[in-house]
Amino acid sequence: MSSMVRDNAERQRFELERDGYIAFADYDRRGSELVIRHVEAAIPLRGTGAAGELMRGVAEIARSEGRTITPLCGYARAWIRRHKEYGDLLA
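When we follow UniProt numbering, the leftmost residue of the sequence shown carries the number 1, and every step to the right adds one.
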């Protein structure tokens with residue numbers, strides 16, 4: 001599990017803070033699935049790799065919990081397809 005990504009269960013989102021700004025992934029836990037509804041990075045973080053770092057942390061969390069990922073968000077779907085090492089997590 002990524003130590004940089006935290007689970008904000010109250011808001012149902014994973015968060016990565018960098019330089020005081022947040023990148024986040026809204027989620028739902030449905031049985032053994034982790035449904036990623038939306039991924040967003042604060043404007044100052046866009047283009048810095050923060051969203052990719054967030055998704056790597058989300059994938060590691062899903063793996064550690066024995067879950068698959070259902071990416072409803074286009075960014076999350078594209079990220080998983082590009083990172084074949086996490087392809088086994090794709091629901």
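Just so it is clear, CB atoms sit at the ideal spot from N, CA and C, and this is done for glycine as well.
No experiment lies behind these values; they were computed from the predicted model shown.
Rounded to the nearest whole angstrom, the CA to CA distance from Asp26 to Ala78 is 16 Å. Leu34 carries a strand assignment under DSSP once its states are collapsed to helix, strand and coil.
If you check the CB distance, Ala91 and Thr70 come in under 9 Å. For Ala62, the closest of Arg11, Arg46 and Ile36 by C-alpha to C-alpha distance is Ile36. Here the alpha carbon of Ser32 sits roughly 21 Å from the alpha carbon of Tyr75. Remark: fewer than three beta-carbon pairs, one from each stretch, lie closer than 8 Å, so the stretch 81-88 and the stretch 41-50 are not flagged as touching. Of the other Cβ atoms in all chains shown, 16 or more fall within 10 Å of the Cβ of Gly57; this residue is therefore buried. Around the CB of Ile43, fewer than 16 other CB atoms lie within 10 Å, so the residue is classed as exposed.
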